[in-house]
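Inspection log for the structure reproduced underneath, given as structure tokens.
Numbering (this note's numbering), first residue to last: 33 to 222.
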């Protein structure tokens, strides 16, 4: 099956089963991101100096992507798509650029900080962490990760919001997020 037919089939599933398709795609890409992180940045076990693959860590990442991020991300991009500069706003007059800047700004100043709290909190809880462990993870990782986020995602989202149809936006984000999820997984393991 060539790539175009695969894309056609994926598109058909995305239209017919949007939540299921987004959930499976997002979960798979979060899982693959974790596998890449473990391969590129392996951890040694406390019992031996041999590097070990942590399947439960990958399952947690996959679960987070499937159950949490896919649902929130899909809805978030649909909400953002409905945000426009009011037509009576004198200076900006509903320009497409102003609307894009507004959407990217809302995404990066509201969703990104919240999304990282949700990610680190969920991953900590799923690995058996206490509320104190969640707080400590956020204290150590949230701000540096958010700063890294602001280097990568505004450009990606500007392209995403300006060129990609709304029903493909989560897929676009997930495609770039394969590398981002690798980074997140590595940061979460620290």
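Beta carbons are placed, not taken as given, at the ideal position from N, Cα and C, and that holds for glycine.
Counted within 10 angstroms of its Cβ, other Cβ atoms place residue 98 as buried (16 or more) or exposed: buried
So the alpha helix (DSSP H) residue 217 belongs to, where does it begin and stop? Counting along the chain, the unbroken alpha helix (DSSP H) around residue 217 starts and ends at 201–221.
Could you tell me which uninterrupted alpha helix (DSSP H) segments, each at least 4 residues in length, are contained entirely in the stretch 138–200, listed from first to last along the chain? The qualifying runs are 144–158, 163–195.
Do residue 193 and residue 135 count as a contact pair if the criterion is CB distance below 9 angstroms? Contact flag set, yes.
When burial is assigned at 16 or more other CB atoms within 10 Å of the CB, is residue 127 buried or exposed? exposed
Candidates 199, 155, 138, 171, of which the one nearest residue 221 by Cα: 155
Is the number of C-beta pairs between the stretch 140–153 and the stretch 174–181 that are closer than 8 angstroms three or more? In short, these stretches touch, since the Cβ pair count reaches three.
Buried or exposed: residue 105, going by 16 or more other Cβ atoms within 10 Å of its Cβ? buried
Looking only at its chain, what residues have a beta carbon closer than 8 angstroms to the beta carbon of residue 63, apart from the 5 residues adjacent to it on each side? 90, 91, 93, 94, 97
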